[in-house]
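Q:
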Amino acid sequence: MPFTIAIDGPAASGKGTISRALAERFGFHHLDTGLLYRAVGARGGDPIGAARMLDPDDLKRPDLRSNEAGQAASRVAAIPEVRDALVTFQRDFALREPGAVLDGRDIGTVICPEAHLKLYVIASDEVRARRRAAEIGADEAETLAALRERDARDSARATAPLCAAADAITLDTTAMSIGEAVSRAIAEVESRYPKA
Ligand code: DC
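The sequence shown runs 2 to 197 under my numbering.
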């Protein structure tokens, strides 16, 4: 039985960095599920068809990190048929041995409700905007507005909204360095993963 880690939280909260670090430390596979929605949004045209025919190569497009791609992703992610079309790929990924880390918005609540560890990663709006703007070379105020708009849409949608699973551990990274946040997450895995 593979070990599954679900990491959810709002945009740019640090979940991607923590997920990659955990995957590396424990030799697990990592799936950034936001990339699936970004790739569907970037395809344009009919999003339901795009989700049903999504090719793993679509995830390698170089333009998926921008604020615009994030907004398009958030819009298509509110369509229930788009989400349905992406469930099997994500659940199959979670079954990879010896384990997998999936990060997104609904991993602990919908995709992997049986995950061995669920983290809900948050940070203040300002800190998230500063980190994301620096990462993608965008304006900070514009990035802050884009993050807030996305979070509002992602939290308010009817299907699989952004929210913490009842059994998730909340990690507030506002005042933490990357190293600190990663150490805290590693400690949570070590207390649960028998081979650590
Ligand atoms: O994690 P990200 O910022 O790359 O995600 C982009 C958008 O995709 C996000 O605003 C909402 C959507 N998303 C989702 O609805 N469910 C997920 N599991 C991952 C992302």
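C-beta: ideal position from N, C-alpha, C; glycine also.
1. Would you say THR171 touches the ligand DC, meaning its beta carbon is less than 6 angstroms from a heavy atom?
2. Does the Cβ of LEU120 lie closer than 6 angstroms to at least one heavy atom of the ligand PLP?
3. Contact between the stretch 56-73 and the stretch 147-157: three or more CB pairs below 8 angstroms?
4. To which residues of the same chain is ALA43 closer than 7 angstroms at the C-beta, ignoring the five residues directly before and after it?
5. For ARG132, I'd like the list of residues in its chain whose CB is within less than 7 angstroms of its CB, leaving aside the five on either flank, ordered along the chain.
6. Apply the 10 Å Cβ neighbour rule to LEU55 and answer buried if 16 or more other Cβ atoms are within range, or exposed otherwise.
7. CB of GLY15 to nearest heavy atom of the ligand DC: below 6 angstroms?
8. Can you list, in chain order, the residues of its chain whose CB lies under 6 angstroms from that of ARG154, leaving out five sequence neighbours each side?
9. Do the stretch 168-177 and the stretch 115-132 touch if we need at least three Cβ pairs shorter than 8 angstroms?
10. Between TYR38 and the ligand DC, is the CB less than 6 angstroms from at least one heavy atom?
11. Using 8 angstroms as the threshold, is the stretch 129-143 in touch with the stretch 75-90, meaning 3 or more CB pairs across them?
12. Which residues share a DSSP beta bridge with ILE8?
13. Just verifying my parser: in three-state terms, what is the DSSP assignment at THR144?
14. Grab me the residues of PRO11's own chain with a C-beta within less than 6 angstroms of its C-beta, minus the 5 sequence neighbours each way, in chain order.
15. Drop a sphere of 10 angstroms on the beta-carbon of PRO48, count the other beta-carbons inside from all chains shown, and report buried for 16 or more, exposed for fewer.
16. Any heavy atom of the ligand DC closer than 6 angstroms to the Cβ of GLY160?
17. May I ask you to list the residues that DSSP assigns as paired with LEU172?
18. As a quick exercise: from THR160, HIS30 and PRO57, pick the residue whose alpha carbon is nearest that of LEU37.
19. Need the endpoints of the beta strand (DSSP E) that ASP33 sits in, please.
20. Tell me whether ARG97 sits in a helix, a strand or coil according to DSSP, three-state version.
A: Quick look at the numbers:
1. False, no ligand heavy atom lies under 6 angstroms from that Cβ.
2. For the structure depicted, the ligand PLP is absent and the ligand set comprises only the ligand DC.
3. Yes: the two stretches touch, three or more of their Cβ pairs being nearer than 8 angstroms.
4. Answer for ALA43: ARG62, ASP64, LEU65, ALA70 and ALA73, listed in chain order.
5. Apart from the 5 residues on each side of it in sequence, ARG132 sits with its Cβ closer than 7 angstroms to the Cβ of ALA13 in its chain, given in chain order.
6. LEU55 comes out buried.
7. Not so, every heavy atom of the ligand DC lies at least 6 angstroms from the Cβ.
8. Result list for ARG154: SER75, in chain order.
9. Judged by Cβ distances under 8 angstroms, the stretch 168-177 makes contact with the stretch 115-132, as three or more pairs qualify.
10. At a cut-off of 6 angstroms, the beta-carbon of TYR38 counts as near the ligand DC: some heavy atom of the ligand is closer than that.
11. The count of Cβ pairs closer than 8 angstroms, one atom from the stretch 129-143 and one from the stretch 75-90, stays below three, leaving the stretches out of contact.
12. Answer is ASP104 and LEU120.
13. THR144 carries a helical assignment under DSSP once its states are collapsed to helix, strand and coil.
14. Around PRO11: ASP152.
15. Per the 10 Å Cβ criterion, buried.
16. The residue you asked about is not Gly; residue 160 is Thr in the sequence shown. Residue side-chain check: THR160 keeps its Cβ at 6 angstroms or more from all non-hydrogen atoms of the ligand DC.
17. Answer by DSSP bridge pairing, in chain order: VAL122.
18. With respect to the C-alpha of LEU37, the residue from THR160, HIS30 and PRO57 having the closest C-alpha is PRO57.
19. Segment 30-33, the beta strand (DSSP E) holding ASP33.
20. Correct three-state label for ARG97: coil.
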